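J.: The structure follows.
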Amino acid sequence: MAPSTSPPSKTSLSIEETPFKEGRVGRNKHGQNFKAVEASRPDYDRAKTLTYSKTPNPDWQPGDGASVDHTKHKCISFEPYEPGRDVVHNYKLMITSVVPRPIALASTVSPDGKTKNLAPFSYFQAVSTDPPLYSLAFLGGKSNDTLDNLLATKEICISMTSDWLIEAANFASVNTPSNVSEWDLTGLTPAPSVAIRPPHVAESPFSVECRLYSQQDIYSKTKPDVRTSTLVVVEAVRYHVWEDVIDANRSELDHAKARPVFRSDGQTYGSCKEVFELPRPERFSKLVQDEGSKVTEILGGAGLGANKTAGSNL
């Protein structure tokens, strides 16, 4: 029997919410006036399509460095645990400096199969292609429903967050009691998965069924006995992709059609509307053999280091 998404009866509804962290984190800088601030802004342009521009510096040559004078900027240096610094400041610094971050809309099912859970996560990234692995980080000393369900069932389904479902995805972050499903609250449609029990989001153009690959608990620097986060790696076992957003080889998504949304700082999100292409360098051995090339000039002569190899995971 498929897990139910119907709201629990009032008699069975737990009133114990999961921890509400917004008061300390302070993501909303506008307080109760956010709707007024939002009303003053232009409408989101749904008609705007993906456009290609030149790179920021099309005339760049090897050795040119960056197109900014760093001497005009004063650099300050500090430690993460300097006296008087709240750990929440490290959190804010990380989410404002590690950008943009993709948003994983994670679906899990409780061990008893009665409750389907749905929640967004931006501490999410690709890890490996063989096997295809993804990572998710769960912050906080107390585990949440998604982590509890994943560790108990070893199953999770991750869906892409596109701009047409971002409001629903954001509302899935509400701190409901563990026996309340976010699916009904968001209005999103749970589509049956094939290899695992957690459903995928029917309104998402890309979803991936995954099984738990590894788990690592992380502990506080100042309180070594306190767990502060858990890192999990999950393995893809099946993909679900809208046919009109993927190529014939089933290898590349069309971002102009998938319209993924990314997470920035605080409560700020963004979409991929403008991009540029930047070809990788030629093989190093070829670059040093070209007479008069900038690489040869920088190295002081042809052939220097021609047999040396280097790589990048960019």
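Taking full-length UniProt numbering, I'd label the letters of the sequence shown as residues 1 to 314.
Positions of the beta carbon are idealized from the N, C-alpha and C atoms, including for glycine.
It should be emphasised that the depicted structure is a prediction, and the values quoted were computed from it without experimental measurement.
(1) Measure the alpha-carbon distance for Asn149 versus Asp59 and round it to whole angstroms.
(2) How big is the Cα-Cα spacing for Thr189 and Arg41?
(3) Locate the beta strand (DSSP E) running through Ser229, then write down its first and last residues.
(4) Give the secondary structure of Glu203 by DSSP, where H, G and I count as helix, E and B as strand, and everything else as coil.
(5) Give a yes or no on whether 8 Å exceeds the smallest Cβ distance from Ala168 to chain D.
(6) How is the beta strand (DSSP E) around Phe262 delimited, first residue to last?
(7) For Trp183 and Ala195, I'd like the C-alpha separation in whole angstroms.
(8) Going by DSSP, what residue range makes up the beta strand (DSSP E) through Tyr81?
(9) Can you name the residues that DSSP bridges to Phe124?
(10) Taking DSSP's pairing of strands, which residues face Ser181 in a bridge?
(11) Quick check: Pro120 and Ser173, are their CB atoms within less than 8 Å of each other?
(12) Taking residue 317 as the reference, which of Asn175, Leu165, Tyr239, Val180 has the closest Cα?
(13) Quick one: is Leu278 buried, meaning 16 or more other Cβ sit within 10 Å of its Cβ, or exposed?
(14) Tell me whether the beta-carbon of Ala236 lies closer than 8 Å to the beta-carbon of Cys210.
(15) Apart from the five residues on each side of it in sequence, which residues of its chain come closer than 8 Å, Cβ to Cβ, to Pro3?
(16) If you run the structure through DSSP and keep just helix, strand and coil, what is Ala302?
(17) Tell me which same chain residues have a C-beta within less than 6 Å of the C-beta of Asp64, skipping the five on either side of it?
(18) Tell me which residue opens and which closes the alpha helix (DSSP H) that Ser97 is part of.
(19) Would you identify the three-state DSSP class for Gln289, choosing helix, strand or coil?
(20) Sorted by chain position, which residues of the same chain lie with C-beta nearer than 7 Å to Ala258's C-beta, five sequence neighbours on each side aside?
(21) Considering just the uninterrupted stretch of the beta strand (DSSP E) at Leu105, what are its terminal residues?
(22) Smallest Cα separation from Gly266: which of Ala104, Val241, His255, Ser122?
(23) Taking the Cβ atom as the reference point for each residue, do Tyr134 and Val261 lie within a distance shorter than 8 Å?
(24) How is Asn307 classed by DSSP in three states: helix, strand or coil?
(25) Give the single residue among Gln61, Leu93, Leu105, Leu299 whose Cα lies nearest to the Cα of Ala168.
(26) In angstroms with no decimal places, state the Cα-to-Cα distance between Phe171 and Asn144.
(27) Indicate the three-state DSSP secondary structure (helix, strand or coil) for Asn149 in the structure shown.
T.: In terms of the structure at hand:
(1) 52 Å
(2) 30 Å
(3) 227 to 241
(4) coil
(5) Structure shown: chain D not included; a single protein chain is present.
(6) 261 to 263
(7) 20 Å
(8) Element bounds for Tyr81: n/a, residue is neither H nor E.
(9) Leu136
(10) Its beta-bridge partners do not exist; DSSP assigns none.
(11) yes
(12) Because the chain is modelled from 1 through 314, residue 317 falls outside the range shown and cannot be assessed.
(13) exposed
(14) yes
(15) Here the model assigns Pro3 a pLDDT of 45, short of 50, so the residue's position is not dependable, and the following value carries that caveat. Correct list, in chain order: Val109, Ser110, Gly113, Lys114, Thr115, Lys116, Arg197.
(16) Only weak support is given to the placement of Ala302: the predicted model assigns it a pLDDT of 47, under 50, and the value that follows is read from those uncertain coordinates. Residue state, collapsed to three classes: coil.
(17) none
(18) 87 to 97
(19) helix
(20) Met160, Ser162, Pro205, Phe206, Val245
(21) 104 to 109
(22) Ser122
(23) no
(24) Summary for Asn307: the model assigns pLDDT 48, below 50, so the residue's position carries little reliability, and this model does not support an answer.
(25) Leu105
(26) 16 Å
(27) helix
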